[in-house]
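**Q** Residue numbers (UniProt numbering): 1 to 355.
#1: Can you list, in chain order, the residues of its chain whose CB lies under 7 Å from that of residue 57, leaving out five sequence neighbours each side?
#2: Please name the residue or residues paired with residue 131 in a DSSP beta bridge.
#3: For a quick check, are the C-beta atoms of residue 122 and residue 319 less than 8 Å apart?
#4: With a threshold of 8 Å on Cβ separation, who are the neighbours of residue 150 within its own chain once the five nearest residues in sequence on each side are excluded?
#5: Taking Cβ to Cβ, would you say residue 221 is nearer than 8 Å to residue 212?
#6: Rounded to whole angstroms, what is the Cα-Cα separation between residue 281 and residue 237?
#7: Report the residue from 209, 141 and 75 whose alpha carbon sits nearest the alpha carbon of residue 98.
#8: Apart from the five residues on each side of it in sequence, which residues of its chain come closer than 6 Å, Cβ to Cβ, to residue 328?
#9: Just to confirm, is the Cβ distance from residue 270 to residue 338 under 8 Å?
#10: Which runs of the alpha helix (DSSP H) spanning at least 4 residues fall entirely within the stretch 37-87, listed in chain order?
#11: Between which two residues does the beta strand (DSSP E) harbouring residue 122 extend?
#12: Could you check the C-alpha separation between residue 226 and residue 232 for me, to the nearest Å?
#13: Going by other Cβ atoms of all chains shown within 10 Å of its Cβ, with 16 needed for buried, is residue 355 buried or exposed?
#14: Determine the burial state of residue 350: buried for a count of at least 16 other Cβ atoms within 10 Å of its Cβ, exposed for fewer.
#15: Under three-state DSSP, which class holds residue 99?
#16: So, at 7 Å on beta carbons, what are the nonlocal neighbours of residue 301 in its own chain, with the 5 sequence-adjacent residues on each side left out?
#17: Do residue 109 and residue 102 count as a contact pair if the criterion is CB distance below 8 Å?
#18: Locate the alpha helix (DSSP H) running through residue 173, then write down its first and last residues.
#19: Which class does residue 162 belong to by DSSP, given the choice of helix, strand or coil?
#20: Using only the alpha-carbon positions, how far apart do residue 332 and residue 155 sit?
#21: What would DSSP say about residue 300, mapped onto helix, strand or coil?
#22: Secondary structure at residue 92, three-state DSSP: helix, strand or coil?
#23: Taking Cβ positions, are residue 173 and residue 13 nearer each other than 8 Å?
#24: What are the start and end residues of the alpha helix (DSSP H) that includes residue 352?
#25: Among 60, 257 and 275, which residue has its Cα nearest to the Cα of residue 170?
#26: Work out the CA separation of residue 66 and residue 207 for me, nearest whole Å.
#27: Can residue 131 and residue 166 be called in contact, C-beta distance under 8 Å?
#28: Taking the straight line between their C-alpha atoms, what separation do you get for residue 77 and residue 235?
#29: Just to confirm before moving on: does the CB-CB distance between residue 315 and residue 277 stay below 8 Å?
#30: Buried or exposed for residue 353, going by 16 or more other Cβ atoms inside 10 Å?
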């Protein structure tokens, strides 16, 4: 039984995706602009050699920009998926390790006409769950606390809720939207993910010299002239400072759109999950039970106090209960904006009355 579409959800997804793609397009635009003098000359020469009209060769940057934007989006989805699963230390589920969970997910995915996702379990007493999508197979993550707290129809209701996120594809958009805010608040370390060499001063010095020389060739300047050196330094400083400001502005726009999506998508997934199981009361009971358990659950490892995970979760606390976290003075922005759990439960109770 395919889950029904939601126009309001689609509009919010489109707005969030547009903000993220625009941010990537502006970043790519700067790269193309910086390389345009040299690459443009080479493309024009090649175009003249094969007899292409000048009007065609003048648009050489368009396909390059399109490929680069797509590559950026793909890389971000891949990175966020890997970083998120690593942040919560999730372990893959097999039919042998968690036979009941495996059977439930397989059955519900077939009912919803969605691909069966890969399942992971987080060793956390705090009951919660979330879904990831994008590059690779769709993924559903639950905590050991969730499996210990819920069973039967209530567990089915939560799993159906997460499958609704995957079917609606809002999990893909939220996965992508979490990258830029985390990057601006320094919760992602791209350099560390590349390996020790990425922090080598020698590597960065070599890269800077290479850019300096390429710039001289592209502008047909003498790299040993003081005027070129000063101009290069000023330009580099402007790019770094200006890039930081623009990145912050774009992150703010992405967060604003993602927060609207985050709030709405939980209602949409509640409705779709209840429709899939045919039992909105079970999901309402599950939310009430999880909310109650979270209030009394012990605080767990601070490694799990990770804002992007909380933004993706069924309930807004993620896999830890101490919302204060560490570093209270640290600047950060969040994509999460869950609706009140009481309101979600009330909406589901209304569905029960309408049955």
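Backbone N, C-alpha and C define an ideal beta-carbon position, used for all residues, glycine too. Since this is a predicted model, take the numbers as computed values, not measurements.
**A** On the basis of the data shown:
#1: 43, 44 and 47
#2: 140
#3: yes
#4: 127, 158, 286, 289 and 290
#5: no
#6: 59 Å
#7: 141
#8: Model confidence at residue 328 stands at a pLDDT of 40, short of 50, so the residue's coordinates are unreliable and nothing is read from them.
#9: no
#10: 54-57 and 61-87
#11: 118-122
#12: 10 Å
#13: exposed
#14: exposed
#15: helix
#16: Any answer about residue 301 is weak, because its pLDDT of 43 lies below 50 and its placement is not dependable; what the coordinates show is given next. Closer than 7 Å at the Cβ level, and outside the excluded window around residue 301, lies no residue.
#17: no
#18: 170-177
#19: helix
#20: Here residue 332 scores only 37 on pLDDT, less than 50, and its place in the model should not be relied on; the value that follows carries that caveat. Distance between the alpha carbons of residue 332 and residue 155: 33 Å.
#21: At residue 300 the pLDDT is 44, less than 50, meaning the model places this residue with poor confidence and gives no usable figure here.
#22: strand
#23: yes
#24: 341-354
#25: 257
#26: 25 Å
#27: yes
#28: 31 Å
#29: no
#30: exposed
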